[in-house]
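Below: one structure, written as C-alpha cells.
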Amino acid sequence: MKAVVFTLGCKVNEVESSSLMSALESMGFEVTDELCSADIYVLNTGAVTREAEKKSRQLVSRARRFNPSAPVYVCGCASQKDALQFAERGVRYVCGARNKEELIAAVAADFSLSCPSGLPFPKQVRTRAFVKIEDGCNNFCSYCVIPYLRGRVTSRPIDDILGEIARIECPEIVLTGINISAYGSDIGTDLTALVGALSGVDRRIRLGSLECNIIDVRFLSACAALKKFAPQFHLSLQSGSDAVLKAMNRHYTRAEYLEKCRLIYSFFPGAAITTDIIAGFCGETEEDFSQSLSVIDEAKFARVHAFAFSPREGTGAYSLKDIPAPIKSERLHALLNKGAEAESRFIFSALGGVRDVIFEDFDGSYTGGYTPEYIKVYVPGRQAGEGAVKILRPFRDGAEGQIV
Ligand code: SF4
C-alpha cells in the first residue's frame with residue numbers, strides 16, 4: 000500500500016513529517032512525500048499566515064482528486080487552530096500540531112496494523128539532517144499564532160538529542176525547533192549547554208532561527224569551540240523601529256539587536272547574519288519603515304526574508320488597525336530589493352576566499368553545495384562528499400567555485 004505524507008509549513012513540520020514517514024514505513028507502507036495517487040494521505044498543515052492556512056485546506060481537495068476513496072489524515076498547525084475546517088471536508092482523522100503519534104495509531108487501527116511505540120527518529124536521507132530539539136514557544140509575539148497552537152516550550156533532554164545525532168550519518172546537522180533560543184527553559188538547561196555537549200561531534204553544526212536574547216559571550220564561545228561550526232546566524236529581527244518592536248511584543252530594541260550583531264562579528268568576522276522582517280505591521284509609519292530599511296545595511300545582513308504583515312485571528316495584533324494593502328505591498332517590495340542588494344554584497348565579500356563545501360546535487364553541468372555561511376556554490380562537473388573550494392564569481396543564486 001502506498002502512503003503520501005505531504006508537508007506545508009516550517010522546518011519543524013518537515014522534521015515531524017519525516018518521523019511520520021519512518022513510522023508508516025515501519026508499518027509496511029511504501030511512502031512518498033509527493034502528492035500523487037496513493038492509498039492514504041497524511042497532510043501536515045501550516046498556519047503561520049492566512050495564505051498557509053488556505054493552502055492547507057486546498058490540500059485536501061488536491062489529495063481527493065488523485066484518489067477520492069483514500070482516507071485523508073490531517074495534522075499540523077492549521078488543524079490545531081481550527082479542526083472543524085478539515086472535519087467539514089470529510090477527512091478521516093484530524094489531530095493537531097502535538098501528539099502526532101496519535102495519527103499513526105489511527106492509521107494502525109484503520110488498517111489493522113501493529114502500531115510502533117512512539118514516533119521514530121526522522122528519516123534522514125540527504126547531506127543535511129534536521130534534529131528537532133524543542134517544540135513550542137513562550138514569547139507570544141503580538142502577531143503570531145504559534146504559541147497558541149504548539150504550546151509552551153517543551154525540550155528534549157540533551158542525552159536524547161546526542162543519541163539521535165550519533166545515529167545520523169549526514170555531514171551536516173541543523174538544530175531546529177520553534178524557538179530554539181528558549182531550549183531547556185523547561186528542563187533546567189539551555190541552548191549553550193546543548194551546544195557545549197556537542198563539542199566532540201565531528202560534523203558541521205548549524206543552528207536554526209535564533210532570538211536576540213541568546214547571543215552573549217558564553218553562547219558564542221560554546222559555538223566557537225565546536226569542531227565544525229557553521230557561522231550562519233538566523234537572528235530574527237521583524238522591525239528596525241523601536242516603536243514597532245514594542246507593539247510586536249519583541250523584547251529588544253534596535254540598538255540592542257545591532258549590539259548582538261557586533262558581538263557575533265567579533266567572534267566570527269565572516270559570519271552570515273540573516274533575518275526576517277515584516278513589512279507593514281499595524282501602525283507602522285513611513286519613519287518606522289525607513290528604520291527597517293536602514294537596519295539592513297547597518298547589520299550587514301547576508302540575507303533578508305521579508306513578509307507582508309497578515310493579521311491572524313486570536314493574536315494581540317488582530318484587533319489593531321491594519322494598514323492598507325497597497326502600502327504593505329510597496330514596503331514589501333522595497334524590503335525585498337534592499338535584501339537582494341545585501342545578499343549580493345555578502346557574496347561579493349566572500350569572493351577569493353576558500354570555503355569547505357558540502358556537495359548536494361548535480362544538474363548535469365555543475366554540482367551545487369553549501370559553505371558554512373550557507374552560500375550556495377556551484378563547481379563544474381560531478382562532485383561528491385565535501386571539499387575546499389575557492390569562491391570565484393557570483394553565479395546563479397550564489398557563486399561559482401573551483402576545487403583547490
Ligand atoms: S518567537 Fe514570536 S514569532 Fe517566533 S514562534 Fe514565538 S511567538 Fe511566534
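According to numbering that gives the first Met the number 0, the stretch in the sequence shown is residues 0 to 403, in order.
From the three backbone atoms N, C-alpha and C, an ideal C-beta is built for every residue, glycine too.
By the criterion of a C-beta distance shorter than 8 Å, leucine 193 is surrounded in its chain by Ile132, Ile157, Ile160, Leu174, Tyr182, Gly183, once the five residues flanking it on both sides are discounted. Around the Cβ of threonine 284, a 10 Å sphere holds fewer than 16 other Cβ atoms; the residue is exposed. Rounded to whole angstroms, the gap between the alpha carbons of glycine 27 and glutamine 84 is 31 Å.
Distance from the CA of proline 115 to the CA of proline 121, rounded to the nearest whole angstrom, comes to 14 Å. For the 8 Å CB-CB criterion, valine 11 and leucine 23 do not form a contact.
Per the C-alpha coordinates, the member of Phe218, Thr44, Lys1, Ser68 positioned closest to leucine 58 is Thr44. At a Cβ-Cβ threshold of 8 Å, leucine 236 and isoleucine 276 count as neighbours. Secondary structure of phenylalanine 306 (DSSP, three-state): strand.
Between serine 78 and the set Pro70, Cys94, Val71, Asn66, the nearest pair of CA atoms involves Cys94. The C-alpha of glutamate 163 is placed about 15 Å away from the C-alpha of aspartate 201. Exclusion of asparagine 12 from the 7 Å shell around the ligand SF4 follows from its C-beta lying no nearer than that to any non-hydrogen atom of the ligand. In chain order, the residues with a C-beta atom nearer than 7 Å to some heavy atom of the ligand SF4 are Cys136, Asn138, Phe139, Cys140, Cys143, Ile145, Pro146, Ile177, Asn178, Glu210, Ser235. About 20 Å separates the CB atoms of leucine 391 and alanine 383; that is not less than 8 Å, and the two are not in contact.
By the neighbour-count criterion, in which a residue is buried when 16 or more other Cβ atoms sit within 10 angstroms of its Cβ, aspartate 362 is exposed.
For glutamate 171, the uninterrupted beta strand (DSSP E) run begins and ends at 171-175, by DSSP. Along the length of the region 293-379, whole beta strand (DSSP E) runs at least 3 residues long occupy 302-307, 353-361, 365-369, 375-379, reported in chain order.
The region 149-213 is shown to contain whole alpha helix (DSSP H) runs of 4 or more residues at 157-166, 190-196, in chain order. In its chain, beyond the 5 residues on either side, Glu29, Ala37, Asp38 have a beta carbon closer than 6 Å to the beta carbon of lysine 1.
Taking glycine 352 as the centre and dropping the five residues before and after it, the same chain places the C-beta of Gly269, Lys389, Ile390 closer than 8 Å to its C-beta, in chain order.
By the CB criterion at 8 Å, tyrosine 72 and leucine 102 fall inside the cutoff. When Glu168, Cys76, Cys35 are compared, the shortest CA-CA separation from glutamate 15 is found for Cys76. Nearest to glycine 89 by alpha-carbon distance, out of Ala108, Ala62, Leu225, is Ala62.
Here tyrosine 40 carries a strand assignment [DSSP, helix/strand/coil]. Here the C-alpha atom of threonine 366 lies approximately 21 Å from the C-alpha atom of glutamate 168.
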